[in-house]
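One structure is given below, encoded as structure tokens.
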Amino acid sequence: MAFARKNALFIVAAVCLMAVLLVAYNVAHDGDKKAAPKLSYSLIEGYGGTFPRPDAAEQPSLDKTYKVVFDVTSAINDTTAVHPGLGRVARAVNIFGDSGVPLDHLKFVAVIHGPATRTILDDKQYDKRAGGDNPNHGLIQALTDAGVKVIVCGQSLNHLGVEDSDIDKNVIIAPAALSTLAIYGNDGYAYEHL
Numbered sequence: 178m179a180f181a182r183k184n185a186l187f188i189v190a191a192v193c194l195m196a197v198l199l200v201a202y203n204v205a206h207d208g209d210k211k212a213a214p215k216l217s218y219s220l221i222e223g224y225g226g227t228f229p230r231p232d233a234a235e236q237p238s239l240d241k242t243y244k245v246v247f248d249v250t251s252a253i254n255d256t257t258a259v260h261p262g263l264g265r266v267a268r269a270v271n272i273f274g275d276s277g278v279p280l281d282h283l284k285f286v287a288v289i290h291g292p293a294t295r296t297i298l299d300d301k302q303y304d305k306r307a308g309g310d311n312p313n314h315g316l317i318q319a320l321t322d323a324g325v326k327v328i329v330c331g332q333s334l335n336h337l338g339v340e341d342s343d344i345d346k347n348v349i350i351a352p353a354a355l356s357t358l359a360i361y362g363n364d365g366y367a368y369e370h371l
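Following our numbering, the numbering of the sequence shown begins with 178 at its first residue and continues without gaps.
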């Protein structure tokens, strides 16, 4: 019995010593940690945060116009969160903004189709298909306020059985994503698949 008690006291003392050493180590090395960088929202507030890198190579030129068509097709798993593809479009706007490129030098188009189509539904239709209000309305509004064209494929709407009046008011309906992507590609837009 005395032996078991001695072992228990030894274990308690060892655990306490380890805890004290761990705390001392963390206190001593706390100054080694750099403060985590803060996200920047240079052109679109609240969406697509970036970590500005003003000293990095390959900075955008301030006097050029950048034309990009974003092909947003991915399905979303979390129907209560904004679509990550649309979030990346906002991030692209903010990346250029971090470098000082003005909004009028950004010609960005987000073409939504396939599994991503429900991203642009009004709240009534979104609730029917995903449950709850559509969390993408604020982001779509912010993108269009920044000059991004948000376009949905008319074929995808028809496949889903969605009426034209059942989508976000800021979204433009195209006959098809196939033709829209070709049109912008022929106009010299860089292509980004999201």
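For every residue, glycine included, the Cβ atom is placed at its ideal position computed from N, Cα and C.
How would you write the range of the beta strand (DSSP E) that residue i sits in, first residue to last?
i	result
A351	349-351
Which residue or residues does DSSP assign as beta-bridge partners of residue i?
i	result
K244	K284
H370	D248
S217	T227
V329	I289, I350
I344	L298
Which residues mark the beginning and the end of the alpha helix (DSSP H) in which residue i is found?
i	result
H314	314-322
N311	Per DSSP, N311 belongs to no alpha helix (DSSP H) and is neither H nor E.
How many Å lie between residue i and residue j at the Cα?
i	j	result
D304	T227	31 Å
P237	F273	7 Å
T256	G308	8 Å
G338	F247	24 Å
I221	I253	22 Å
I317	P352	20 Å
P231	K215	14 Å
N335	D343	12 Å
D345	E235	36 Å
Taking C-beta to C-beta, are residue i and residue j nearer than 8 Å?
i	j	result
A367	V245	yes
V249	L371	yes
G331	I349	no
A359	A319	no
G225	G264	yes
A296	S333	For the record, residue 296 in the displayed sequence is Thr; it is not Ala. Against a cut-off of 8 Å, the Cβ pair of S333 and T296 comes out as no contact.
G262	S251	yes
V325	F285	yes
H282	T242	yes
L239	V270	no
Length-filtered (4 minimum) alpha helix (DSSP H) runs lying within the region 250-279: 261-275
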